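S.K.:
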Ligand SMILES: [Zn+2]
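Residue numbers (this note's numbering): 368 to 747.
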């Protein structure tokens with residue numbers, strides 16, 4: 368994670384970078400901001416900047432060995448603590464299984480895949496349903512132990528505590544001393560959306576980094592630049608998301624689902640050889656902006672992938688649900704068999720390629736539709 372990966376927030380980024388440059392970075396930082404804000408991403412970008420072997424004026428280099436390791440969150444001197452469920456009792460049948468779970472690997476995966484996710488996402492991600500999460504006194508002792516060892520690379524040792532509000536009282540008390548007087552070159556980074564739930568003794572020992580919610584414009588620009596939404600959709604989503612990037616990304620997925628409905632309709636028309644409606648759809652396609660057009664083709668490829676998986680009976684990998692799944696079940700093997708999917712992939716890629724090179728969207732879409740009609744007709 369680099370600063371450039373995070374939308375907007377120029378003032379907070381500059382503040383952090385200046386603190387590093389001027390050697391003013393406190394040894395215990397508390398990143399706190401509302402849900403869907405850049406609490407975690409900013410702290411990861413800061414850690415990357417601290418480890419970068421070739422840091423620039425405004426960001427880490429992104430290419431050195433340290434940056435590459437940070438991109439996977441596998442920096443030896445960067446340690447993580449996070450809430451987990453209380454250990455199962457010995458009598459619990461799930462005990463064995465629980466002990467084998469690699470919480471750190473899961474945590475890295477979650478942080479990389481859903482860096483704006485909240486605690487509920489985290490619980491869902493780990494399958495922790497209905498169990499009590501906490502950062503225990505045992506975990507706190509582990510933190511102290513880890514920090515008592517010398518650093519691997521001779522640089523900063525960082526302990527990042529995500530979900531710091533889950534530190535229970537005993538754990539928090541155990542950490543007070545080390546928070547106040549850590550070893551040299553040791554940095555604590557506490558990350559929370561619920562700073563008010565932290566003990567005042569912890570709060571008083573950390574320097575606060577207030578992370579504001581994103582502005583509508585920041586979310587809008589991020590969605591457009593990442594190719595996640597066209598201008599108009601991005602404007603609508605950023606307004607509804609109200610500064611919460613997690614919410615914005617969730618809404619983007621909903622829009623994707625609407626695109627699946629669009630693809631379903633399109634394939635049905637092709638199968639029914641309903642040319643008049645297909646041409647109307649080409650007109651509609653033409654009116655979308657280029658990003659949206661490319662995004663629809665991408666959704667088409669995703670649908671083809673689902674059909675392929677259904678055809679070769681790897682149903683455990685299918686992602687579609689409800690009506691979309693019914694559609695996949697119906698079309699697979701019947702209208703489109705596994706023999707036809709590779710050819711279709713190629714046609715979709717070709718269409719995508721021509722769109723990229725500013726081909727006429729209406730012609731591209733009509734051509735593609737005719738190819739699909741032909742293919743489906745052959746199978747009948
Ligand atoms: Zn670097």
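We put the CB at the ideal spot given by N, CA and C, even for glycine. Just so you know, these numbers come straight off a predicted model, no measurement behind them.
Where does residue 509 fall in DSSP's three states?
M.R.: Counted from its first residue, the chain shown places residue 509 at position 142. Helix, per DSSP.
S.K.: In whole angstroms, what separates the C-alpha of residue 465 from that of residue 482?
M.R.: Your numbering for residue 465 matches position 98 in the chain shown. Your numbering for residue 482 matches position 115 in the chain shown. Only weak support is given to the placement of residue 465: the predicted model assigns it a pLDDT of 49, under 50, and the value that follows is read from those uncertain coordinates. The straight-line gap from Cα to Cα measures roughly 24 angstroms.
S.K.: Just the C-alpha distance for residue 545 and residue 569, rounded to the nearest angstrom, thanks.
M.R.: On the chain shown, residue 545 is found 178 positions in, with the first residue counted as 1. On the chain shown, residue 569 is found 202 positions in, with the first residue counted as 1. Residue 545 and residue 569: Cα-Cα distance of roughly 11 angstroms.
S.K.: Is there at least one non-hydrogen atom of ligand 1 closer than 6 angstroms to the beta-carbon of residue 637?
M.R.: Along the chain shown, one-based indexing puts residue 637 at 270. Outside the cutoff, so no.
S.K.: Less than 7 angstroms between the beta carbons of residue 541 and residue 507, yes or no?
M.R.: What you label residue 541 is simply residue 174 of the chain shown in a count that begins at 1. What you label residue 507 is simply residue 140 of the chain shown in a count that begins at 1. Going by C-beta atoms, residue 541 is nearer than 7 angstroms to residue 507.
S.K.: According to DSSP, simplified to helix, strand and coil, what is residue 393?
M.R.: For the purposes of this step, residue 393 is identified with residue 26 of the chain shown, where counting begins at 1. Residue 393 falls in the coil class under three-state DSSP.
S.K.: Taking a cut-off of 7 angstroms, which residues have a beta-carbon closer than that to any heavy atom of ligand 1, in chain order?
M.R.: The set, ordered by position in the chain, is 419, 420, 421, 422, 427, 428, 429, 430, 431, 433, 434.
S.K.: Output the residue ranges of the alpha helix (DSSP H) runs that lie fully inside the stretch 520-551 and measure 4 residues or longer, sorted by chain position.
M.R.: Qualifying alpha helix (DSSP H) stretches, in chain order: 536-547.
S.K.: Mind checking residue 493: buried by the 16 CB within 10 Å criterion, or exposed?
M.R.: As a first step, residue 493 is located in the chain shown; it is residue number 126 there, counting from the start. So residue 493 ends up on the buried side.
S.K.: Taking its Cβ as the centre, do 16 or more other Cβ atoms sit within 10 Å of residue 751, making it buried, or is it exposed?
M.R.: Nothing can be reported for residue 751: it is not among the residues displayed for the chain, which extend from 368 to 747.
S.K.: Let me know the secondary structure DSSP gives residue 729 once reduced to three states.
M.R.: Position 362 of the chain shown, counted from the first residue, corresponds to residue 729. Of the three classes helix, strand and coil, the one that applies to residue 729 here is helix, per DSSP.
S.K.: Just how far apart, CA to CA, sit residue 428 and residue 698?
M.R.: Translated into the one-based positions of the chain shown, residue 428 becomes position 61. Translated into the one-based positions of the chain shown, residue 698 becomes position 331. Near 48 angstroms, if we compare the C-alpha coordinates of residue 698 and residue 428.
S.K.: Is the stretch 372-386 touching the stretch 542-562, taking contact as three or more C-beta pairs under 8 angstroms?
M.R.: These segments do not touch.
S.K.: Counting Cβ pairs, one atom from each stretch, are 3 or more of them under 8 angstroms apart for the stretch 396-404 and the stretch 418-434?
M.R.: Output reads no: the stretch 418-434 does not touch the stretch 396-404.
S.K.: Below 7 angstroms CB to CB, which residues in the same chain sit around residue 740 once its five sequence neighbours on both sides are set aside?
M.R.: Counting from one through the chain shown, the residue named residue 740 turns up at place 373. Answer for residue 740: 637, 640, listed in chain order.
S.K.: Is the number of C-beta pairs between the stretch 724-732 and the stretch 644-657 that are closer than 8 angstroms three or more?
M.R.: Contact between the stretch 724-732 and the stretch 644-657 is present, because at least three Cβ pairs lie under 8 angstroms.
S.K.: Within a Cβ cutoff of 7 angstroms, which residues of the same chain sit near residue 598, ignoring the five residues on either side of it in sequence?
M.R.: Working through the chain shown from its first residue, we reach residue 598 at position 231. Here the set comprises 591, 656.
S.K.: Compare the beta carbon distance of residue 601 and residue 587 with 7 angstroms and say whether it is the shorter of the two.
M.R.: If you number the chain shown from 1, residue 601 lands on position 234. If you number the chain shown from 1, residue 587 lands on position 220. Contact: yes.
S.K.: Let me confirm a value: residue 524 is counted as buried when at least 16 other C-beta atoms fall within 10 Å, else exposed. Which label applies?
M.R.: Mapped onto the chain shown, residue 524 falls at position 157. Looking at its Cβ environment, which holds 16 or more other Cβ atoms inside 10 Å, residue 524 is buried.
S.K.: Counting beta carbon pairs with one atom in the stretch 546-554 and one in the stretch 576-585, are three or more of them shorter than 8 angstroms?
M.R.: Output reads no: the stretch 546-554 does not touch the stretch 576-585.
S.K.: Could you please give me the residues that DSSP links to residue 591 through a beta bridge?
M.R.: Translated into positions along the chain shown, residue 591 becomes position 224. BP columns for residue 591 are empty, so no partner.
S.K.: Please classify residue 707 as buried or exposed, where buried requires at least 16 other C-beta atoms within 10 Å of its C-beta.
M.R.: Reading the chain shown from its first residue, position 340 is the one you call residue 707. Under this definition residue 707 is a buried residue.
S.K.: I'd like to check one pair, residue 673 with residue 687: are the Cβ atoms closer than 7 angstroms?
M.R.: Reading the chain shown from its first residue, position 320 is the one you call residue 687. Reading the chain shown from its first residue, position 306 is the one you call residue 673. Cβ distance < 7 angstroms, so residue 687 and residue 673 count as in contact.
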